[in-house]
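Enquirer:
Number of protein chains: 2
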Amino acid sequence: MKVTGEARLLLVEDGQPPPRLVDCLEDWIRVPAPEEDVRARVEALVARSQAHGDKLPGLDANGVLRYGGRWVSLPPLEARLTATLLDRFEAVVGRDTLIRVVWPGQAPGRNALDVHILRLRRRLQPLGLVIRTVRSRGYLLEPEGADAGAENMEHVPDEDEVGAGSVATLGNP
Amino acid sequence: MKVTGEARLLLVEDGQPPPRLVDCLEDWIRVPAPEEDVRARVEALVARSQAHGDKLPGLDANGVLRYGGRWVSLPPLEARLTATLLDRFEAVVGRDTLIRVVWPGQAPGRNALDVHILRLRRRLQPLGLVIRTVRSRGYLLEPEGADAGAENMEHVPDEDEVGAGSVATLGNP
DNA sequence: CCTCTTTGTTCACGGGTGCGAAACACGCTC
DNA sequence: GAGCGTGTTTCGCACCCGTGAACAAAGAGG
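One line per chain: the protein sequences are B and D, in this order.
The letter at position 6 of the first sequence is residue 6 when you use our numbering, and the numbering goes up by one with no holes.
The number in our numbering is simply the position in the second sequence, starting from 1, with 1000 added.
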């Protein structure tokens, strides 16, 4: 289950101070409230998360990769690499596939792909994107902090500085 | 005509249905409401409008470029350059496109464009506008500090107060 | 258990090239 | 003539991209 792309509506109990939110995908409302009010805010959040959904990285024809409001420009080879990793976003892409896409003619030395993956990793880091290695299988592009495997899903009670109430989380498939 | 750069907080009277808003720079609240609630939403809008809702620079027919309350006058050639960069604001414009617009006849020497970009950069700097180079792709005009290439991740400005009318319009200085 | 092989990570180096920037030259307009 | 707008030359840096090599981690095989 993905964690990115979610919007949150904080339900603030009466008597608690209002939260400080900046993110466009966050909102809050004081409860109890008319149900139509809650629904209006939920619908607004959903609409925003779809329209303004920069939760998926976008790569334009000029090699500019945008994600999370920031961007980097990629050189041609790394742009091809990224494009390939991107249309299998969050899934493994084999080394041979990458080599075929990046060098349509003949592949250069054995090391070339590794080096470019390394350089691409460094360039993607400030955007919050990570390339994971799946040994003897390939590579996988994903947002930072979306890993931790399926088995060690220890639930740390993530306590916000928001001092009140429950949190309704709106998933975005 | 775009209306970007302004944020609105709708004050909804009791008994009225909640409005349907999608824009990240719009919000609403039911009145009467605690003043801290109103202020929390106003501050959130201001923060958003500074972080994400940037006002577009404006270039008039006389070559005067205005942005962020200040202005500079541009010579004809640089005005054409700026106009081209401006209708692809925050996106890459190819060198060939720029050359075609700036010199409709025949292009001068190879370095002419570089020099004019350099001079335009110096002129735009006091306005808080930056021309980024996207190597072998072109150039990109954007407000200072909106990229991830350099790690200038600071600048969380403060906000000012706003009195509440029926509809509060928050200008972006 | 030890060693060799495979696979992946990281560094340093060099050739090629796009771009930045200074300096200069020329023409035009107050 | 002084200042400005524009084009050209020239130098050098920084980046792109491949190569070689050192190093680490995981398996395979004796």
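Ideal Cβ placement from N, Cα and C applies to all residues, glycine included.
B/V38 to B/I29, Cα distance in whole Å?
Expert: Position 38 of the first sequence, counting from 1, holds the residue named residue 38 of chain B. Position 29 of the first sequence, counting from 1, holds the residue named residue 29 of chain B. For B/V38 and B/I29, the distance between alpha carbons rounds to 7 angstroms.
Enquirer: Rank B/R95, B/G69, B/G68, B/W71 by C-alpha distance to the C-alpha of B/L81 and give the top, closest one.
Expert: The residue labelled residue 81 of chain B in the question sits at position 81 within the first sequence. Of the listed residues, the one whose Cα sits closest to B/L81 is B/R95.
Enquirer: Buried or exposed for D/L1140, going by 16 or more other Cβ atoms inside 10 Å?
Expert: As a first step, residue 1140 of chain D is located in the second sequence; it is residue number 140 there, counting from the start. Classification for D/L1140: buried.
Enquirer: From D/V1046 to D/A1007, what does the alpha carbon distance come to, in whole angstroms?
Expert: Indexing the second sequence from 1 puts residue 1046 of chain D at position 46. Indexing the second sequence from 1 puts residue 1007 of chain D at position 7. Looking at the two C-alpha atoms, the distance is approximately 7 angstroms.
Enquirer: Use the C-beta contact count for D/P1057: other C-beta atoms within 10 angstroms, 16 or more gives buried, fewer gives exposed.
Expert: Against the second sequence, residue 1057 of chain D aligns to sequence position 57. D/P1057 should be labelled buried.
Enquirer: Please determine, among B/V31, B/L21, B/K55, the residue with the shortest C-alpha to C-alpha distance to D/S1049.
Expert: The residue you call residue 1049 of chain D lines up with position 49 of the second sequence. Nearest option by C-alpha distance: B/L21.
Enquirer: Quick check on D/K1002: buried or exposed, where buried means 16 or more other Cβ atoms within 10 Å of its Cβ?
Expert: For the purposes of this step, residue 1002 of chain D is identified with residue 2 of the second sequence, where counting begins at 1. Note on D/K1002: pLDDT 41, under 50, position unreliable in the model; no value is reported.
Enquirer: When burial is assigned at 16 or more other CB atoms within 10 Å of the CB, is B/R41 buried or exposed?
Expert: Translated into the one-based positions of the first sequence, residue 41 of chain B becomes position 41. B/R41 should be labelled buried.
Enquirer: May I ask you to list, following chain order, the residues of the stretch 1017-1029 of chain D that have a beta carbon less than 7 angstroms from some beta carbon of chain B?
Expert: Those residues of the stretch 1017-1029 of chain D that come within reach of chain B (Cβ to Cβ, closer than 7 angstroms) are P1017, P1018, R1020, L1021, V1022, C1024.
Enquirer: Select from B/F89, B/S136, B/L113 the residue whose C-alpha is nearest the C-alpha of B/V129.
Expert: Position 129 of the first sequence, counting from 1, holds the residue named residue 129 of chain B. Note that residue 129 of chain B corresponds to Leu in the displayed sequence, not to Val. Ranking B/F89, B/S136, B/L113 by Cα distance to B/L129 puts B/F89 first.
Enquirer: With 8 angstroms as the limit, tell me which residues of the stretch 52-71 of chain B have their beta carbon closer than that to any beta carbon of chain D; keep them in chain order.
Expert: Going along the stretch 52-71 of chain B in chain order, one finds H52, D60, N62, G63, V64, G69, R70, W71 with a Cβ nearer than 8 angstroms to chain D.
Enquirer: Is the beta carbon of B/A79 less than 8 angstroms from the beta carbon of B/L59?
Expert: Translated into positions along the first sequence, residue 79 of chain B becomes position 79. Translated into positions along the first sequence, residue 59 of chain B becomes position 59. Taking 8 angstroms as the Cβ cut-off, B/A79 and B/L59 qualify as a contacting pair.
Enquirer: Since B/R66 is in the alpha helix (DSSP H), which residue starts that stretch and which ends it?
Expert: Along the first sequence, read from residue 1 onward, the residue named residue 66 of chain B stands at position 66. Careful: B/R66 lies outside any alpha helix (DSSP H), inside the beta strand (DSSP E) at 64-67.
Enquirer: Note down, one range per segment and in chain order, each alpha helix (DSSP H) of at least 4 residues found wholly within the stretch 80-105 of chain B.
Expert: Listed in chain order, the complete alpha helix (DSSP H) runs (minimum 4 residues) inside the stretch 80-105 of chain B are 95-102.
Enquirer: For D/V1101, collect the residues of the same chain with a Cβ closer than 7 angstroms to its Cβ; drop the 5 residues on either side in sequence, then sort them by chain order.
Expert: Translated into positions along the second sequence, residue 1101 of chain D becomes position 101. Excluding residues within five positions, the ones whose Cβ falls inside 7 angstroms are R1080, T1084.
Enquirer: So, with DSSP's three-state summary, where would you put D/I1117?
Expert: Stepping through the second sequence from its first residue, residue 1117 of chain D is reached at position 117. Three-state result, D/I1117: helix.
Enquirer: Would you say D/G1015 faces chain B, with C-beta separation under 8 angstroms as the test?
Expert: Walking along the second sequence from the start, residue 1015 of chain D turns up at place 15. Cβ-Cβ to chain B under 8 angstroms: no for D/G1015.
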